[in-house]
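Asker: Here's a structure for you.
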Amino acid sequence: MTNPDKTGEGPSTVGREAITGAVDVVPAHRRERRGGGRRRGGRGRGEDTRVPDADFRSYHGRPVLNQIVWEARDIGGYLFLGGLAGASSVLAAGAEYTGRPDLARPLKYTALVAISGSTAALIHDLGRPERFLNMLRVFKPTSPMSMGTWILMGYGPLAGVAAVTAATGWFPRIGRAATAGAALTGPLVATYTAPLICDTAVPAWHEGYREMPFVFVSSAASAAGGMGLIVAPTAQSGPARRLAVGGALVEVAASTYMERRMGMVGEPYEQGRAGKLTRAAKALTLAGAVGAALGRRNRVVSAVSGAALLAGSALTRLGVFEAGVQSAADPKYTVLPQRRRLEERLKEEAKTG
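To convert a position in the sequence shown, counted from 1, into this note's numbering, add 1096.
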């Protein structure tokens, strides 16, 4: 993943080597005023000087932000599967230490498969495996991407050992230690992608930096709880059920609050493809939560509810991704908030000056 350039004036590169591509510059004939307008005082022969309407699709004929070129399936899968893996490890550890092996064991398998898929999606987006390995040459605590790479490298082997020992029964002490280690690092895996995408110039991501970690961790919790409802018998699925319902409610509440607090910049979450994905995600998540709460004695209802929670969590991540794409493509989400902040700062300086 490469942070979108803020100006669109970076070096010209091709393919996956390139930084995110630029928004199309608005053609001249599209920028011309089609009618009306304000006539300025007429000197000379009364020439008709018209003031064009403000057009926020470009800034003086140049793009404001580079357009996002990441594939939705790669980045959406990377975000969703990483969250599922981390939360599954936490739930698996809790299930193991409370004597629920039929819940713990499949969740360990889930964590390993999910983190493998998340890493594969990231590497596919990067284009070549060596690019992922190159990120390990740097340890930079101030970089979400650098820290995320190291978190993945620490968590992956722990999840793998926990799953293998659970499947084979070998080295139970090592398996328990790996389970505990995966549970400790799991929350980091589930949440680091939130500051990662918020640390960009993409308005719909950057402006949600306060709530996005809560959205991601609760979405991961509802997904892991949903998986637990699918794989475990009802007699042992109590922790998964509680995590699923709690995570779902927090996810919907946090995402709704984030969209409203962001004001105009939150519009992409309600419009276009992102709006459809977000609404579908909330509907599935709430339906899954209701089914999980009411169907605690019915294995079929529990499994269907779990599937709805998994689908809702996946659509939440895709909705966030698409909202970022839409906000980067429309410069008004960059220009107008900057203008508002400038005006507020000038007013504050005028009061104190």
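Glycine is no exception: its CB is placed at the ideal position from the N, C-alpha and C atoms.
Note that the coordinates shown come from a computational prediction; the quantities given were computed from them, not determined experimentally.
#1: Does the Cβ-Cβ distance between Val1327 and Pro1202 come in under 7 Å?
#2: Does DSSP put Gly1391 in a helix, in a strand, or in coil?
#3: Distance check for Leu1382 and Ser1401, CA to CA, integer angstroms please.
#4: Please tell me whether Ala1297 and Gly1179 are closer than 7 Å, where the distance is taken between their beta carbons.
#5: Residues in its own chain within less than 7 Å of Ala1350 by CB, not counting five upstream and five downstream?
#6: For Leu1253, count neighbouring Cβ atoms within 10 angstroms of its own Cβ and tell me buried if that reaches 16, exposed if not.
#7: Does the distance from the CB of Leu1280 to the CB of Gly1244 come in under 7 Å?
#8: Could you tell me whether the Cβ atoms of Leu1208 and Ala1278 are closer together than 7 Å?
#9: Would you list, in sequence order, the uninterrupted alpha helix (DSSP H) runs of no fewer than 4 residues that lie entirely inside the region 1163-1215?
#10: Does DSSP put Tyr1429 in a helix, in a strand, or in coil?
#11: Give me the residue from Pro1427, Ala1262 and Leu1390 with the minimum Cα distance to Arg1337.
#12: Relative to the C-alpha of Asp1221, which residue among Trp1166, Thr1275 and Ala1263 is closest?
#13: Counting Cβ pairs closer than 8 Å, one from the region 1204-1219 and one from the region 1350-1363, do we hit at least three?
#14: Determine the burial state of Ile1270: buried for a count of at least 16 other Cβ atoms within 10 Å of its Cβ, exposed for fewer.
#15: Nearest by alpha-carbon distance to Gly1387: which of Leu1199, Tyr1205, Gly1213 and Gly1322 is it?
#16: Excluding sequence positions up to five away, which residues of its chain have a Cβ less than 6 Å from the Cβ of Ala1274?
#17: Do you know whose CA, among Thr1206, Ala1399, Met1358 and Gly1343, lies nearest Thr1412's CA?
Answerer: Short version:
#1: As a position in the sequence shown, residue 1327 is number 231, starting the count at 1. As a position in the sequence shown, residue 1202 is number 106, starting the count at 1. Contact: yes.
#2: Along the sequence shown, one-based indexing puts residue 1391 at 295. Coil.
#3: One-based indexing of the sequence shown puts residue 1401 at position 305. One-based indexing of the sequence shown puts residue 1382 at position 286. Spanning the two alpha carbons is a distance of roughly 10 Å.
#4: Counting from 1 along the sequence shown, the entry for residue 1297 is found at position 201. Counting from 1 along the sequence shown, the entry for residue 1179 is found at position 83. Against a cut-off of 7 Å, the Cβ pair of Gly1179 and Ala1297 comes out as no contact.
#5: Stepping through the sequence shown from its first residue, residue 1350 is reached at position 254. The answer, listed in chain order, is Glu1307, Phe1310, Val1311 and Ser1314.
#6: Residue mapping note: residue 1253 aligns to position 157 of the sequence shown, counting from 1. The residue asked about is misnamed: residue 1253 is Pro in this sequence, not Leu. It counts as exposed.
#7: If you number the sequence shown from 1, residue 1280 lands on position 184. If you number the sequence shown from 1, residue 1244 lands on position 148. No, the pair does not count as a contact, with Cβ atoms beyond the cut-off.
#8: In the sequence shown, the residue the question calls residue 1208 occupies position 112. In the sequence shown, the residue the question calls residue 1278 occupies position 182. It is not a contact, given that the beta carbons lie outside the stated cut-off.
#9: 1168-1193
#10: For this step, residue 1429 is matched to residue 333 along the sequence shown. Correct three-state label for Tyr1429: helix.
#11: The residue you call residue 1337 lines up with position 241 of the sequence shown. Out of Pro1427, Ala1262 and Leu1390, Leu1390 has the C-alpha closest to the C-alpha of Arg1337.
#12: Residue mapping note: residue 1221 aligns to position 125 of the sequence shown, counting from 1. Ranking the options by Cα distance to Asp1221, first place goes to Trp1166.
#13: no
#14: Mapped onto the sequence shown, residue 1270 falls at position 174. Classification for Ile1270: exposed.
#15: Residue numbering aside, residue 1387 sits at position 291 when the sequence shown is read from its first letter. The shortest Cα separation from Gly1387 among Leu1199, Tyr1205, Gly1213 and Gly1322 belongs to Gly1322.
#16: The sequence position of residue 1274 within the sequence shown is 178, counting from 1. Answer for Ala1274: Leu1254, Val1257 and Ala1258, listed in chain order.
#17: Position 316 of the sequence shown holds residue 1412. Taking only the C-alpha atoms, the option nearest Thr1412 is Gly1343.
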